[in-house]
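What follows is a short report on a single structure.
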Amino acid sequence: MKITPGKINELLSEPGCEHNHKPGEKKKKACQQQAEPGAAQGGCAFDGAMITLVPITDVAHLVHGPIACAGNSWGSRGSLSSGSHIYKMGFTTDLSENDVIFGGEKKLYTAILDVQQRYQPAAVFVYSTCVTALIGDDLDAVCAAAAKKLGTPVIPINSPGFIGSKNLGNRVGGESLLEYVIGTAEPEFTTPFDINLIGEYNIAGELWEVLPLFEKLGIRVLSKMSGDARYHEICYAHRAKLNVTICSKALINIARKMEERYGIPYIEESFYGVEDINRCLRNIAQKLGDLSLQTKVEQLIAEETEKLNTELAYYRERLKGKRVVLYTGGVKSWSIISAAKDLGMEVVATSTKKSTEEDKAKIRTLLGAEGILMEKGNAAELIKVIAQTKADMLIAGGRNQYTALKAKIPFLDINQERHHSYAGYTGMVAMARELEEALYSPIWSQVRQPAPWDLEEVL
Ligand code: SF4
Numbered sequence: 001m002k003i004t005p006g007k008i009n010e011l012l013s014e015p016g017c018e019h020n021h022k023p024g025e026k027k028k029k030a031c032q033q034q035a036e037p038g039a040a041q042g043g044c045a046f047d048g049a050m051i052t053l054v055p056i057t058d059v060a061h062l063v064h065g066p067i068a069c070a071g072n073s074w075g076s077r078g079s080l081s082s083g084s085h086i087y088k089m090g091f092t093t094d095l096s097e098n099d100v101i102f103g104g105e106k107k108l109y110t111a112i113l114d115v116q117q118r119y120q121p122a123a124v125f126v127y128s129t130c131v132t133a134l135i136g137d138d139l140d141a142v143c144a145a146a147a148k149k150l151g152t153p154v155i156p157i158n159s160p161g162f163i164g165s166k167n168l169g170n171r172v173g174g175e176s177l178l179e180y181v182i183g184t185a186e187p188e189f190t191t192p193f194d195i196n197l198i199g200e201y202n203i204a205g206e207l208w209e210v211l212p213l214f215e216k217l218g219i220r221v222l223s224k225m226s227g228d229a230r231y232h233e234i235c236y237a238h239r240a241k242l243n244v245t246i247c248s249k250a251l252i253n254i255a256r257k258m259e260e261r262y263g264i265p266y267i268e269e270s271f272y273g274v275e276d277i278n279r280c281l282r283n284i285a286q287k288l289g290d291l292s293l294q295t296k297v298e299q300l301i302a303e304e305t306e307k308l309n310t311e312l313a314y315y316r317e318r319l320k321g322k323r324v325v326l327y328t329g330g331v332k333s334w335s336i337i338s339a340a341k342d343l344g345m346e347v348v349a350t351s352t353k354k355s356t357e358e359d360k361a362k363i364r365t366l367l368g369a370e371g372i373l374m375e376k377g378n379a380a381e382l383i384k385v386i387a388q389t390k391a392d393m394l395i396a397g398g399r400n401q402y403t404a405l406k407a408k409i410p411f412l413d414i415n416q417e418r419h420h421s422y423a424g425y426t427g428m429v430a431m432a433r434e435l436e437e438a439l440y441s442p443i444w445s446q447v448r449q450p451a452p453w454d455l456e457e458v459l
């Protein structure tokens, strides 16, 4: 797949994404998001493509570029595997100055053969980077030649960092699956209750919190994109009856195009918080259109709610009325509000940085008139909001933990680096436990005491 200006524009104008149009407006416009100086922590397009695809566990992910690009993404996310660990190996062609002058295609071809012979992955995914795109290496041709020689799929992912943001890279990754992988094989059998999960990356094992629920209901997850996925299951994803996109607009292009190509409808759901997981199960059953399945879902919800009420009673008592500032992106900025509300906590401010108009409308309803919506944010702004709202705690991504420390309040990591899974009913208990432990840690009373040298100055 060549990444041309037309292709980039198509991905940025994805009609399935509400970022591209305001409610009531007919005309959709391209995503205006521009990379900003100093915003590199957000990741480049190459990083975005890797984030989307690396969780496919039995694939060798080979980065064609300077070794530092591979370091950009490798191991930075906690997507877990129940099988192969090839995805955790860092493969790169490690381009040198000589390769920049004479071209890196031969080196890439040899690297693909080497990786395949040494590790026998189900497929090799080859990622371009800024340097290899700029020197004009023909990724598609090299991958096609290597695939012919090996008899193994070798998939080119044309996602050089300079084409745009991490989000665009997510979509380029999804587009590559659509073009080269989905629809290339058939499942052994199908059932009326086959679904795909799209945009769920099994961070800290979250997928494993919800799979047992689907099993109990007799719903089969045919293909996962891409948490704990195997290459072959993505090949036959086109036989599912329903696509469920989870907490993310990142791969909405896959869902929408699969609807166009294969007639598979899609719904957007969240696994965080009791209300959301209940709604997700109900919506899936309703979309699959089976009455007995809908009855089973109601029974399951009743059982799980009863169990959960017992398990959460202690935590609800301890967390009641605690004030939280939430600083995360996209749908998590409202789905976590709903989870915190389930626990009796009050979210006093949240970020809306990466939220769509639809997300913002949900946030406004959940927060109420008093709640603060932060359009932009940085450490200084966050500290100001924490002081203004007298928040007890900050829930945010890992790199904001030092902001919480400066504000002398507890912190819960909610982003991709987290080590605990918060999805589904069992995840809700884990979240309550983590919140309670963070809030009641004895360290906070010590941290808030004046430093000895400050006291000496007063004396
Ligand atoms: S792909 Fe480009 S922007 Fe991304 S890490 Fe490599 S050099 Fe940097």
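Position one of the sequence shown corresponds to residue 1 (full-length UniProt numbering), numbered consecutively onward.
From the three backbone atoms N, C-alpha and C, an ideal C-beta is built for every residue, glycine too.
Where does residue i land, buried or exposed, given buried means 16+ other C-beta within 10 angstroms?
i	result
P23	Unreliable placement is indicated for P23, whose pLDDT of 49 sits below 50; the coordinate value is still reported in the next sentence. Exposed: under 16 other Cβ atoms inside 10 Å.
H85	exposed
N213	According to the sequence provided, residue 213 is Leu. The question's Asn does not apply to it. Burial call: buried.
V447	exposed
K320	exposed
E209	buried
G227	buried
F125	buried
Q116	buried
T245	buried
N9	exposed
T52	buried
G43	buried
L412	buried
Quick one: what's got a C-beta closer than 8 Å to residue i's C-beta in the same chain, skipping five residues either side?
i	result
T389	R323, V325, V348, A349 and I372
R230	I56, T57, D58, G83, S84 and A122
D392	K322, R323, V324, I409, P410 and L439
A339	Y272, G273, V274, D276, Y422, M428 and M431
Alpha carbon to alpha carbon, how far is residue i from residue j?
i	j	result
T92	E269	36 Å
R118	K88	15 Å
Y272	K106	47 Å
D137	R77	29 Å
K166	Y422	24 Å
V142	L12	28 Å
L80	G90	16 Å
A111	L62	8 Å
E381	P15	33 Å
I277	K287	15 Å
L367	G329	16 Å
A49	W453	50 Å
I182	S176	9 Å
A361	L139	43 Å
G263	K2	26 Å
I101	L95	10 Å
A144	P156	9 Å
T190	Y201	24 Å
D99	H64	11 Å
R256	G6	18 Å
A45	G104	21 Å
C280	E179	29 Å
P291	P187	Per the sequence shown, the amino acid found at residue 291 is Leu instead of Pro. Near 26 Å, if we compare the C-alpha coordinates of P187 and L291.
C69	Y127	10 Å
P265	I254	11 Å
E346	T365	13 Å
Here's a check: name, in chain order, each residue in its chain whose Cβ is nearer than 6 Å to the Cβ of residue i, leaving out the five neighbours to either side.
i	result
R433	none
K224	L197
L308	Y425
A40	Confidence is the limiting factor: at A40 the pLDDT is only 47, short of 50, which leaves the residue's position unreliable, though a coordinate-based value still follows. Excluding residues within five positions, none has a Cβ falling inside 6 Å.
D342	G273 and V274
Does at least one heavy atom of ligand 3 sit under 6 Å from the Cβ of residue i?
i	result
E298	The ligand content of the structure shown is limited to ligand 1, which means ligand 3 is not among them.
Cβ of residue i less than 7 Å from any chain B Cβ?
i	result
F193	Here there is only one protein chain, and chain B is not present.
Ignore the nearest five residues each way along the sequence and tell me which others in residue i's own chain have a CB closer than 7 Å to its CB.
i	result
D194	R220, L222, R239, A240 and K241
H420	A204, A430 and E434
A285	L293, Q294 and V297
I383	T403, K406 and A407
I386	V325, L394, A407 and I409
Q: Report yes or no: do the region 135–155 and the region 193–213 share at least 3 C-beta pairs separated by less than 8 Å?
A: They do not touch, by the three-pair rule.
Q.
Considering only heavy atoms of ligand 1 and the C-beta of each residue, which residues fall inside 7 Å, strictly closer?
A. Look at which beta carbons fall closer than 7 Å to any heavy atom of ligand 1; those residues are C44, F46, D47, G65, P66, A68, C69, N72, T129, C130, V131, P160, G161 and F162.
(Q) Whether or not the region 303–317 and the region 366–386 are in contact is what I'm after, with contact meaning three or more pairs of Cβ atoms, one per stretch, closer than 8 Å; do they touch? (A) no
(Q) Using 8 Å as the cut-off, can you tell me whether the region 129–142 makes contact with the region 154–169, which would need three or more C-beta pairs spanning the two stretches below that distance? (A) yes
**Q.** Touching by the beta-carbon criterion (3+ pairs, under 8 Å), the region 289–307 and the region 332–344
**A.** no
Q.
For the pair the region 249–256 and the region 168–187, tell me if three or more CB-CB distances fall below 8 Å.
A. The region 249–256 is in contact with the region 168–187.
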